[in-house]
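Each remark here refers to the structure printed beneath this line.
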Amino acid sequence: MAGVGDRSAHNMAAPGPSSTLAPAVTVAGAVPLPRCDGIVDFSDYSLPLLGVSLVGLVIGLIYAFFGYRFFKSVLFLTGLLFGAGVIYLVC
């Protein structure tokens with residue numbers, strides 16, 4: 002007799018593509034969507050984009066892990082970035 006904690010009584014395998022959990026739905030006359038492989042070309046690395054991304058990553062890590070300890074610095078950086086964004090949008 003299988004108990005509540007007996008795992009041998011249940012199939013623990015993940016459902017496959019022919020699962021009844023999410024059956025495939027087809028609509029008559031539907032056109033398949035193109036794949037998104039060629040939309041973004043990740044082989045073109047530019048140095049300015051890398052620099053901006055690294056600065057954003059460092060600022061995000063400082064905000065996430067040291068935001069309370071460096072509260073004045075976080076307020077300064079937030080105001081600086083907000084002000085720079087506003088000036089960029091106005092000009």
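Residue numbers for the sequence shown follow the numbering used here, beginning at 2 and rising by one. The C-beta atom is built at its ideal place from N, Cα and C for all residues, glycine as well.
Work out the CA separation of V32 and L82 for me, nearest whole Å. 44 Å
Can you list, in chain order, the residues of its chain whose CB lies under 7 Å from that of L78, leaving out five sequence neighbours each side? I60
The ligand PLP and L90: does the residue's C-beta get closer than 7 Å to at least one heavy atom of that ligand? As presented, the structure is devoid of all ligands, the ligand PLP included, so that no description of it is given.
Is A31 helix, strand or coil when you go by DSSP? coil
Give me the Cβ distance between V75 and G68, rounded to the nearest whole Å; I'm assuming they're in contact under 8 Å. Confirmed, Cβ separation roughly 5 Å.
Less than 8 Å separating the beta-carbons of F71 and I63? yes
Determine the direct distance from the alpha carbon of G80 to that of L90, and round the result to whole angstroms. 15 Å
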